[in-house]
Structure formats: C-alpha cells, structure tokens
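**Q** Protein chains in written order, with this note's numbering: chain A, 1 to 321; chain B, 1001 to 1321.
All residues carry an ideal CB built from backbone N, CA and C; glycine is no exception.
One structure follows; several queries about it will come next.
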C-alpha cells in the first residue's frame, strides 16, 4: 500500500524497536537516509538501529558514529532507498526481506514489496523525502542529521550535477546548510579528495577505455588484479564508473569490476535518450534512468560481450544504430 | 565609492549606451554576469554590449547568441567580476581601464578602481549579486538570462562543491531553475562532457604529477607541445587545474601551462589553511582563497622553481614545514 508522509509518520509514531535497512553496496543516500531516520527516532525516545549487508565507506562513517549496533528484537522494519529486497544483499534479504513494514524510496523501479511504501520518484534523493518526513514530524533536526541528509542529496545528484536535480532539491540542501550541515567537509570528502590509490586507478582506467559502436559506447574493464595493483577499493570503483559516459558523444558508459567471488559488477551510465535501468533490467539488474547496475558471471570477455549485446539492442531500439 | 544594489540600479537606470567588460581568460561567472546584465538592459530599451579580451569558450557561446558586438560610443562602463583593471587584458585595460563607472564584483581582492563598486565578497559568484540587482530592478528575468546566471553560479562554485557555497547560493540557483534555466544542459556542458582531447590531456596530466614537500604540494606541468599532442585548448587546461589539489593530503595544487607567447600561466588551488591568493600575490597574480593564478616568464624549470619557492615560504608561514 502506498502511504503519504503523514501516514508514514503515524506508523513510525505508533511503533518502537525500529530496524532500518540500508541497501547493500551502500551509497550516501541509503546510509544518509537510514542514519538520519535512526538518529531522529532515537532523539524521540525510541530504540532504533541500522543494518547494512556491507561495510560503510569511510567518508560516511560519521553517520554511524556513537550509535549502537542492532541489540533488540525489531518490532517495526523500515527500508530506506531500497527499491527491491534483492538489493538488501542475500543475508539481510533472507532474514528481513519479507517483513518490511515501511519502505521509503525514490526509485521508480520500486517493487512495492513492503507493507507500506512512501514513494516519490520525482525526488532526486531518498534523503529529500526523509527531510519532508522530519518536517511532518515537527522534530528538531540536529547538525549531524542535517549532514546525513546533505550527504544523501549531494551524492545522489553527483553534487547537484545530474539531470535528476530540481529546484526543490537545491532548496532542501539550502535548508540543511542552515541547519548546520558542514557541507564543505562532506563535499570535500565525497567529491574532491582522491586517495593516491584512486589516482592510480583513474590513470589505469583512462589507459583502458575501449569504445564501441562508433564511439556511442565507452567501456572500462577493471580486473581484480588491477584493483590490487592500485591498492584500490570497491568504493573507489564507484567513482570511476562515472568516467566513460563523460566522454563526448558517448551515450552508454559501462564499467565492469571483477569482485572477490569472481563475478563482475557492471555499472551502466547513460545520456538521453538511452535508459540505463532498461539496459540493466535485461541483465537482472536495476537502477535509475541515467545510472544503473547489474551483476554478471563469466570471464571478463563473456561479460563484456553480454553487456555489449544488450547495449547494441538498446541503441538499435532508439534508432542510434 | 562603494554602492549598494539600489544605488547601482539607479546608476544603470540613469544611463544609456552601456558597455560591459568581462575579464580576460573569461570564465562562466564573468561572462554569465556580463551577458545577463546586457540582455536585461537591452530588454529595458537601452543600448548595451559586452566586450572581452579573449574568445568565449564554446560551452558559454549560448550567452552571446543573437547579440550585437559593440557598435556605439559607450556613455557608461560597467565591469562584471573584474577585481582589477589588469585582469581585463592589455587591450581592454588600455582603452577602458581608467573609465569604469560601475564595477560589480565578489572578489575580496577587488582594487576599487571603478568610480562606483558594488562589492559583496560573501557571494560565491558575481552572478548571485547580479540576480539580486535584477530583483531590485523589478525586471523580468528570461530563461536565457537565468541560464547565464546559473552558469555563472555553478561554474564559480565547481557545481556547488567548493567551500564558498552558501545556502543563499543554492536558493539563488533554485530560483534560476524555476525561472527556466536548463540546468541539466549547462551542468552537462560545463562539468560532465569531456572532449576526446580533454581525456587525452587528463591522462597526460595524471602521468605527469610531481609531488613536493612530502606530498603537501602536487605540481603538473603542461607544455605547449603536450597541448598540441592532445589537440587540447587553453580552456581545457582550466579544468585540469582542479586536479592536483584533489589528491589526498595535498594543501597546494599547482598547474602550469605554457602559453603561445612562451610565458607560463600558473593556476594555484589550495586547501585550508593555505591561501592561493596570497601565494599568487607574491608573483603579481591574484584570485580567491582557494583558487588563484599568475603569469610567469622563463623556462618551465625556472617557473617551477619560482613557484615552489613561494609555495615553500607559504607552507612555512603556516608551520606546515
């Protein structure tokens, strides 16, 4: 059932011992939304905790600082920025996937798996919806909560750069600055600072770009060996994923990364009229119009061929080939 | 004399045949502010034109589209985002530098060379002040004027990423989106799209980074030959200039580019507590706390040594060495 912000607030008010689920391979928006909600619920005297299948990237560790791990039996389960139960990661999905009471999300691909869903697919970030919810609650928003939400908004819009931006997004961010968010630190950590290993990875990626279909598709392959050589992490890969689409005339940018279990994680970024979510859906993945992902098995060559075949179909579908 | 927005509006209302000067090596803010003002003055029935010593970068050509060149004797001269007459470039400075009636600017280094100066050094961009001025005028703001100002704000804040950002900047940008600015196109042109030559230049720059003072300073040298080899332009160099400061632990990022006349243009970007404007001032340049520039003569090695000496002094001044 779809609910509005007032109904979502009522559900939260009526319950205690609240577990909040962030999606696996967590980004700033799922973590920022989850930890902001957790902190607000705690400040209102409830028990609350966040779980996430994977580790929190260093730049977002401030969100969880000082909070306890889950140490109670959840009575009410919220998922934040989680479009489908598979995105929770296998352990979290098995344990909690069927029991989500309230999902708060902004993905138009949301599978409506929760008992109640607060969905606004016009919001650039789930954190934007969360801010609305907190205002509906008439709750105080502390500087650290404002920072969680600011990080969510700024990372999901590529620091206000992607076409999903609206004037409402900018006004929400302005409000969060006025509430004390240290935006300069967040922007520096999320968008400016490059570790030495990231600079090495970027150099390697630039040296490995391949183009297909007359330059309409740019493709970067990052093997486990390359990541090891750079001393680079999976998180750093996510920033590399933005690179191929940025090249002039490219409509589909693809980056694949070999994971520790031998599968490949693919990140697809598109420019209009191409739709990254559509392309990844053909390979059991999902995401947004401009940025989506999927996981594939096989050799790097198999995976590249599979993806290129789907990219080719999509380009033909849009009469670009 | 310093003036407030109301006084600046009165000066503009009282005059006709208005020339607007943008600074040399023009960026989005000087051009956006100048062309926005020009278009507003034209819409109010005045004669107005913009001049700039150098060519307009392609991504900003929309600002000047459909406007005439200067074809009248100026009666009133405005400078937009020009902190000192030297920044106009030698030809424009010689002709008009002593006769500026109104300077509208946000640089704290403004030399107060104009008869009247509307200065707000808390504004992240001159375009922010310009928006305030237009509201003071109670003038209609067309979508193209909104786009000029949006481009000014977004480029001067590194797409809302730099510490000069305020909640007011974000609200101004939100207003401009509501006025019809095609922000997605502007962001894509200014921050996303990389020409093939730029990708080549970026690769070359990454392969040429040198670090000094235990990694506190990162230095990139771009020779005329390297620019030729990449097929890259001077504009593209400006985007490379952001690179060295982004590396972890770097406090001073320097990029030097050999110009066609054999001199070197240096771009200095700093992280706190270092001050780029202070460093460049020692070499007869100027700019902002975080981003400044200067021009030096000599071989690449001479220039590097001169800059490194000044960087060393500055680092010692802040007890970082």
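1) Exposed or buried, what is residue 246 of chain A when buried is set at 16 or more other beta-carbons lying within 10 Å of its beta-carbon?
2) Kindly say whether residue 174 of chain A, judged by its beta-carbon, lies nearer than 8 Å to any beta-carbon of chain B.
3) Start and end of the beta strand (DSSP E) containing residue 122 of chain A?
4) Is residue 94 of chain A buried or exposed, if buried means 16 or more other CB atoms sit within 10 Å of its CB?
5) Would residue 152 of chain A pass as a contact of residue 61 of chain A if the rule is Cβ separation under 8 Å?
6) Pick out the complete alpha helix (DSSP H) segments inside the region 1232-1316 of chain B, 4 residues or longer, and give them in chain order.
7) Between residue 212 of chain A and residue 119 of chain A, what straight-line distance do the alpha-carbon atoms span, to the nearest angstrom?
8) Relative to chain A, which residues along the region 1180-1206 of chain B have a C-beta separation below 7 Å, given in chain order?
9) Which residues of the region 1238-1270 of chain B have a Cβ closer than 7 Å to any Cβ of chain A? Give them in chain order.
10) Helix or strand or just coil, what does DSSP make of residue 1139 of chain B?
11) Can you tell which of B:1168, B:1193, B:1141 and B:1195 has its C-alpha closest to the C-alpha of residue 1181 of chain B?
12) Does the beta-carbon of residue 105 of chain A have 16 or more other beta-carbons within 10 angstroms, so that it is buried, or is it exposed?
13) Is it the case that the Cβ atoms of residue 1242 of chain B and residue 1220 of chain B are separated by a distance below 8 Å?
14) Give a yes or no on contact between the region 308-318 of chain A and the region 1196-1210 of chain B, applying the rule of three or more CB pairs nearer than 8 Å.
15) So within the region 1166-1205 of chain B, which uninterrupted alpha helix (DSSP H) runs reach at least 4 residues, ignoring any that extend past its ends?
16) Return the Cβ separation of residue 156 of chain A and residue 29 of chain A in integer angstroms, given the expectation that the two are a contact with Cβ distance under 8 Å.
17) Who are residue 103 of chain A's beta bridge partners in DSSP?
18) Which class does residue 1217 of chain B belong to by DSSP, given the choice of helix, strand or coil?
19) Tell me whether the region 1003-1012 of chain B and the region 1068-1075 of chain B touch, counting them as touching only if at least three CB pairs, one residue from each stretch, are closer than 8 Å.
20) Could you work out which residues of chain A lie near residue 1159 of chain B, taking near to mean beta carbons separated by less than 7 Å?
21) Below 8 Å between beta carbons: does that hold for residue 1 of chain A and residue 115 of chain A?
22) Between residue 131 of chain A and residue 172 of chain A, which are expected to be in contact by the criterion C-beta below 8 Å, what is the C-beta distance as a whole number of angstroms?
23) Count the other C-beta atoms from every protein chain shown that fall within 10 angstroms of the C-beta of residue 267 of chain A, then say buried if there are 16 or more, exposed otherwise.
24) By how many angstroms is the C-alpha of residue 1194 of chain B removed from the C-alpha of residue 170 of chain A?
25) Say yes only if the C-beta of residue 1275 of chain B is nearer than 7 Å to one or more non-hydrogen atoms of the ligand FMN, and no if none qualify.
26) Taking the CB atoms as reference points, tell me whether residue 20 of chain A and residue 78 of chain A lie closer together than 8 Å.
27) Compute the Euclidean distance between the alpha carbons of residue 144 of chain A and residue 1135 of chain B, then round it to the nearest angstrom.
28) For a test of the three-state rule: what should DSSP assign to residue 1211 of chain B, helix, strand or coil?
29) Can you find the residues in the same chain that come closer than 8 Å, C-beta to C-beta, to residue 111 of chain A, ignoring five residues on each side of it along the sequence?
30) On the premise that residue 102 of chain A lies in contact with residue 24 of chain A, defined as a C-beta separation below 8 Å, what is that separation, rounded to the nearest angstrom?
31) Cβ atoms of residue 1051 of chain B and residue 1100 of chain B: under 8 Å apart, would you say?
32) Which residues in chain B have a C-beta closer than 8 Å to the C-beta of residue 304 of chain A? List them in chain order.
33) Check the Cβ of residue 233 of chain A against every Cβ in chain B and list those closer than 9 Å, keeping chain order.
34) Under 8 Å: do the region 229-237 of chain A and the region 1222-1237 of chain B share three or more Cβ pairs, one atom per stretch?
35) Grab me the residues of residue 1121 of chain B's own chain with a C-beta within less than 7 Å of its C-beta, minus the 5 sequence neighbours each way, in chain order.
36) Less than 8 Å between the C-beta atoms of residue 298 of chain A and residue 292 of chain A, yes or no?
**A** Looking at the coordinates:
1) Taking the first chain and counting its residues from 1, the one referred to as residue 246 of chain A is at position 246. With a 10 Å radius around the Cβ and a threshold of 16 neighbouring Cβ atoms, residue 246 of chain A comes out buried.
2) If you number the first chain from 1, residue 174 of chain A lands on position 174. So yes, residue 174 of chain A belongs to the interface.
3) One-based indexing of the first chain puts residue 122 of chain A at position 122. For residue 122 of chain A, no beta strand (DSSP E) segment is defined, and its DSSP state is neither H nor E.
4) Counting from one through the first chain, the residue named residue 94 of chain A turns up at place 94. It counts as exposed.
5) Working through the first chain from its first residue, we reach residue 152 of chain A at position 152. Working through the first chain from its first residue, we reach residue 61 of chain A at position 61. No, they are not a contact pair.
6) Here the runs fully enclosed are 1234-1240 and 1276-1281.
7) Within the first chain, the letter at position 212 stands for residue 212 of chain A. Within the first chain, the letter at position 119 stands for residue 119 of chain A. Near 37 Å, if we compare the C-alpha coordinates of residue 119 of chain A and residue 212 of chain A.
8) Listed in sequence order: 1183, 1184, 1187, 1191, 1192, 1193, 1194, 1195, 1196, 1199, 1202, 1203 and 1206.
9) Flagged, chain order: 1246, 1247 and 1248.
10) In the second chain, the residue the question calls residue 1139 of chain B occupies position 139. In the structure shown, residue 1139 of chain B sits in coil (DSSP, three-state: anything other than H, G, I, E or B).
11) Sequence index remark: in the second chain, residue 1181 of chain B carries index 181 (1-based). Nearest of B:1168, B:1193, B:1141 and B:1195 to residue 1181 of chain B, Cα basis: B:1141.
12) Counting from 1 along the first chain, the entry for residue 105 of chain A is found at position 105. Buried: at least 16 other Cβ atoms inside 10 Å.
13) Here the question's residue 1242 of chain B lines up with position 242 in the second chain. Here the question's residue 1220 of chain B lines up with position 220 in the second chain. The answer is no: Cβ separation not under 8 Å.
14) Three or more beta-carbon pairs separated by less than 8 Å are not found between the region 308-318 of chain A and the region 1196-1210 of chain B, which leaves the two stretches without contact.
15) Listed in chain order, they are 1167-1178 and 1183-1187.
16) By 1-based counting over the first chain, the position of residue 156 of chain A is 156. By 1-based counting over the first chain, the position of residue 29 of chain A is 29. About 4 Å; that satisfies the 8 Å criterion.
17) Residue 103 of chain A sits at position 103 when you count from the first residue of the first chain. Under DSSP, residue 103 of chain A forms a beta bridge with A:79 and A:117.
18) Position 217 of the second chain, counting from 1, holds the residue named residue 1217 of chain B. Judged by DSSP in its simplified three-state form, residue 1217 of chain B adopts strand.
19) Output reads no: the region 1068-1075 of chain B does not touch the region 1003-1012 of chain B.
20) By 1-based counting over the second chain, the position of residue 1159 of chain B is 159. The contacting residues are 159, 160 and 161.
21) For the purposes of this step, residue 1 of chain A is taken as the residue at position 1 of the first chain. For the purposes of this step, residue 115 of chain A is taken as the residue at position 115 of the first chain. Taking 8 Å as the Cβ cut-off, residue 1 of chain A and residue 115 of chain A qualify as a contacting pair.
22) Walking along the first chain from the start, residue 131 of chain A turns up at place 131. Walking along the first chain from the start, residue 172 of chain A turns up at place 172. In this structure residue 131 of chain A is in contact with residue 172 of chain A, their Cβ atoms being roughly 5 Å apart against a cut-off of 8 Å.
23) Locating residue 267 of chain A in the first chain gives position 267, counting from the first residue. The residue is buried, with at least 16 neighbouring Cβ atoms inside 10 Å.
24) Numbered from 1 along the first chain, position 170 holds the residue referred to as residue 170 of chain A. Numbered from 1 along the second chain, position 194 holds the residue referred to as residue 1194 of chain B. Cα atoms of residue 170 of chain A and residue 1194 of chain B: separation of roughly 25 Å, rounded to the nearest angstrom.
25) For the ligand FMN, the structure offers nothing, since it holds no ligand at all.
26) Here the question's residue 20 of chain A lines up with position 20 in the first chain. Here the question's residue 78 of chain A lines up with position 78 in the first chain. Between residue 20 of chain A and residue 78 of chain A, the C-beta gap is smaller than 8 Å, which places the two residues in contact.
27) For this step, residue 144 of chain A is matched to residue 144 along the first chain. For this step, residue 1135 of chain B is matched to residue 135 along the second chain. Computed Cα separation, rounded: 35 Å.
28) Stepping through the second chain from its first residue, residue 1211 of chain B is reached at position 211. In the structure shown, residue 1211 of chain B sits in a strand (DSSP, three-state: E or B).
29) Here residue 111 of chain A refers to the residue found at position 111 of the first chain. Excluding sequence positions up to five before and after residue 111 of chain A, its CB lies within less than 8 Å of the CB of 83, 84 and 85, all in the same chain and listed in chain order.
30) Here residue 24 of chain A refers to the residue found at position 24 when the first chain is read from its first residue. Here residue 102 of chain A refers to the residue found at position 102 when the first chain is read from its first residue. About 19 Å separates the beta carbons of residue 24 of chain A and residue 102 of chain A, which is beyond the 8 Å limit, so they are not a contact pair.
31) Numbered from 1 along the second chain, position 100 holds the residue referred to as residue 1100 of chain B. Numbered from 1 along the second chain, position 51 holds the residue referred to as residue 1051 of chain B. Taking 8 Å as the cut-off, the beta carbon of residue 1100 of chain B is found no closer than this to the beta carbon of residue 1051 of chain B.
32) Within the first chain, numbered from 1, the residue matching residue 304 of chain A stands at position 304. By Cβ distance, chain B contributes nothing, its closest Cβ being about 20 Å from residue 304 of chain A, past 8 Å.
33) Here residue 233 of chain A refers to the residue found at position 233 when the first chain is read from its first residue. By Cβ distance, chain B contributes nothing, its closest Cβ being about 13 Å from residue 233 of chain A, past 9 Å.
34) No, the region 229-237 of chain A does not touch the region 1222-1237 of chain B.
35) In the second chain, counting from the first residue as 1, residue 1121 of chain B sits at position 121. Shown here for residue 1121 of chain B: same chain residues with a beta carbon closer than 7 Å to its own, the five before and five after excluded, namely 1106, 1107 and 1108 in chain order.
36) The residue given as residue 298 of chain A occupies position 298 in the first chain. The residue given as residue 292 of chain A occupies position 292 in the first chain. No, these two residues do not count as a Cβ contact at 8 Å.
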